[in-house]
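Going by the numbering used here, the first residue of the sequence shown is number 117, and it counts up by one from there.
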Amino acid sequence: MRIPTLRTLFGKRASAASPPKDRSSVRVGIPKVLNIWSTHQFWVGFLTALGIAPENIVFSSDTSEEQYREYGKGRGTVDCCYPVKCMSGHYGELIFGQKKKIDVLLSPMIYSLPSFLRGHVLDTLTCTRVMAGPENIKAGFLKERDVFAENGIRYVSPFVSLGEPEKVPKQLYLALKDVLDLTEEETARAVEAGYRALEAFNQKMRQKSREILTWCARHERPCILVLARPYHMDPGIGHEIEAELQAHGFPILWMQYFPTDDDLMHWLFGEEIRAGRIKSPFDISDVWPSSYSSNTNEILWGAKVAARCPWVTCVIRFSSYECGMDQPTYTPTQKIVEASGTLYFKFGDLDATKPAGSIKIRVETIVHYVEKYSRDIIRRKLAALPPHCPLLEEAPSTSESASLAA
Ligand code: SF4
Numbered sequence: 117m118r119i120p121t122l123r124t125l126f127g128k129r130a131s132a133a134s135p136p137k138d139r140s141s142v143r144v145g146i147p148k149v150l151n152i153w154s155t156h157q158f159w160v161g162f163l164t165a166l167g168i169a170p171e172n173i174v175f176s177s178d179t180s181e182e183q184y185r186e187y188g189k190g191r192g193t194v195d196c197c198y199p200v201k202c203m204s205g206h207y208g209e210l211i212f213g214q215k216k217k218i219d220v221l222l223s224p225m226i227y228s229l230p231s232f233l234r235g236h237v238l239d240t241l242t243c244t245r246v247m248a249g250p251e252n253i254k255a256g257f258l259k260e261r262d263v264f265a266e267n268g269i270r271y272v273s274p275f276v277s278l279g280e281p282e283k284v285p286k287q288l289y290l291a292l293k294d295v296l297d298l299t300e301e302e303t304a305r306a307v308e309a310g311y312r313a314l315e316a317f318n319q320k321m322r323q324k325s326r327e328i329l330t331w332c333a334r335h336e337r338p339c340i341l342v343l344a345r346p347y348h349m350d351p352g353i354g355h356e357i358e359a360e361l362q363a364h365g366f367p368i369l370w371m372q373y374f375p376t377d378d379d380l381m382h383w384l385f386g387e388e389i390r391a392g393r394i395k396s397p398f399d400i401s402d403v404w405p406s407s408y409s410s411n412t413n414e415i416l417w418g419a420k421v422a423a424r425c426p427w428v429t430c431v432i433r434f435s436s437y438e439c440g441m442d443q444p445t446y447t448p449t450q451k452i453v454e455a456s457g458t459l460y461f462k463f464g465d466l467d468a469t470k471p472a473g474s475i476k477i478r479v480e481t482i483v484h485y486v487e488k489y490s491r492d493i494i495r496r497k498l499a500a501l502p503p504h505c506p507l508l509e510e511a512p513s514t515s516e517s518a519s520l521a522a
């Protein structure tokens, strides 16, 4: 079966001098898996800058057992890491589960990430299972026959170094030029738009986190920091454990979006920088010299922040079943957090099944300890920091006070 491309759909030839191509009716499906959870705004910004209508950018649903049973069954591959294994259900949902068919299934092989720690660490690579995940899962849809072609879908899986923006235009141009009838110039412009969209989203999320922290500081209230990989935000992978804690009245922050403003960072880390123990607030060489893996680096950095920030009185750590990347980090992370008396609870080996009973019991335990010890933890951690906390010195924003007090 002939697979339509934009060239055949719209009959336009690629040329730098051509007017912008009409891609408004092309539908692109993206499996909402792995590091798409931290880079989705890049892909939305990139595709919309190419003229794909926002309503035609389709992300698969959150992971669920039903999704796998209905769309991924029989297409499993050998990977025992659940965040990779569950991708079959996402692919299947995009292929078989759309009322309006997609034209392109875009599943990037993300090699590196644009982490806020870049420049302070050795590298910001993804886990090798993440990089290879799309190839691995694709095999399940090709093993008997080409399911993509049968459904009139172009499968594209660009290898992309999002941590090195200068490489990305060429990588995406080469991978997508035939499918979306691209020119190099428009690809480069779209990549810039993608990074701008991602940066704007990250800034907005960090600002929201700062508002939460400021509220905690003003009201002497604790919050809980989640240390996890981006896809633990998926309710089917992280099982919404943090939401259960939030229901008890504790604000939740995700390490990925912890505020990184200069004033706050220097309040927390300034003394160690002046003493020469670290070079910057984002230097993790004191605790993690082998800093190649992006999400691992951020988890270690999050542990350092949690140990210092007074209102983070408790950390919850998530990891997935069979995660080889997380194994070596368990002890250092726990030791860093607990060194300042901050509470630490780990939910390890998470997989498809939500262990509802044990989560309920552990949530009750965490709530008990956070309620009982937070006041002392805040006091002790404040005493170890310089005076003049920037969060307590800024004027409260009315929206922040109103929304958090509600
Ligand atoms: S980091 Fe761990 S959970 Fe994530 S893909 Fe790699 S092995 Fe799987």
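Cβ atoms here follow ideal geometry from the backbone N, Cα and C, with glycine treated the same way.
None of these values were measured; they are calculated from a predicted model.
query                                                                                                                           : result
C-alpha gap between residue 129 and residue 303, whole angstroms                                                                : In this predicted model, residue 129 has a pLDDT of only 41, less than 50, meaning its place in the structure is not dependable; the value taken from the coordinates is given anyway. Going by the C-alpha atoms only, they are around 15 Å apart.
Residue 200 Cβ short of 7 Å to ligand 1 heavy atom set                                                                          : yes
Buried/exposed call for residue 141, threshold 16 Cβ in 10 Å                                                                    : exposed
Nonlocal neighbours in the same chain, by C-beta distance under 6 Å from residue 350, ignoring five residues either side        : 178 and 179
beta-carbon residue 440 near ligand 1 non-hydrogen atom, thresh 7 Å                                                             : yes
Rounded C-alpha distance that separates residue 447 from residue 481                                                            : 21 Å
Residue burial classification, residue 204 (beta-carbon count within 10 angstroms, cutoff 16)                                   : buried
Nearest-angstrom Cα separation, counted from residue 296 out to residue 168                                                     : 10 Å
Contact under 8 Å by Cβ, residue 279 with residue 325                                                                           : no
Coarse secondary structure for residue 342, derived from DSSP in three states                                                   : strand
Any non-hydrogen atom of ligand 1 within 7 Å of residue 483 CB                                                                  : no
The segment 143 to 154 touching the segment 218 to 231, judged by at least three CB pairs closer than 8 Å                       : yes
Stretch-stretch touch, CB-based, cutoff 8 Å, three pairs: the segment 361 to 380 with the segment 317 to 335                    : yes
Reduced DSSP secondary structure (H/G/I, E/B, other) of residue 228                                                             : strand
Near ligand 1: residue 436 beta-carbon under 7 Å from a heavy atom                                                              : yes
heavy atom of ligand 1 below 7 Å from residue 272 C-beta                                                                        : no
Any non-hydrogen atom of ligand 1 within 7 Å of residue 245 CB                                                                  : yes
For residue 433, the three-state DSSP class (helix, strand or coil)                                                             : strand
Separation of residue 408 from residue 379, as counted between CA atoms                                                         : 27 Å
Where residue 63 sits in the DSSP three-state scheme                                                                            : A query on residue 63 cannot be resolved here, the shown segment of the chain reaching from 117 to 522 and no further.
Beta carbon of residue 497 nearer than 8 Å to that of residue 390                                                               : no
Environment of residue 415 [buried if 16+ CB atoms lie within 10 Å]                                                             : buried
Cut-off 7 Å between Cβ atoms - residues of its own chain near residue 292, not counting five sequence neighbours on either side : 272, 274 and 298
Outcome for residue 316 when other beta-carbon atoms lying within 10 angstroms are tallied against a minimum of 16              : exposed
Any non-hydrogen atom of ligand 1 closer than 7 Å to residue 430 Cβ                                                             : no
Residue environment, residue 508, which counts as buried when at least 16 other CB atoms sit within 10 Å                        : exposed
N-terminal and C-terminal residue of the alpha helix (DSSP H) that residue 368 is part of                                       : It is not in any alpha helix (DSSP H) - residue 368 instead sits in the beta strand (DSSP E) that spans 368 to 370.
Where residue 492 falls: helix, strand or coil (DSSP)                                                                           : helix
Three-state class that DSSP yields for residue 506 in the structure shown                                                       : helix
Helix, strand or coil at residue 373 according to DSSP, with G and I counted as helix                                           : helix
Any non-hydrogen atom of ligand 1 closer than 7 Å to residue 345 Cβ                                                             : yes
Counterpart residues of residue 408 in DSSP-defined beta bridges                                                                : Its beta-bridge partners do not exist; DSSP assigns none.
Extent of the continuous beta strand (DSSP E) run through residue 257                                                           : Residue 257 -> no beta strand (DSSP E), and no H or E assigned at all.
Given 8 Å, three or more beta-carbon pairs between the segment 424 to 440 and the segment 483 to 491                            : yes
Under the three-state DSSP convention, the category residue 398 falls into                                                      : coil
Counted within 10 angstroms of its Cβ, other Cβ atoms place residue 249 as buried (16 or more) or exposed                       : buried
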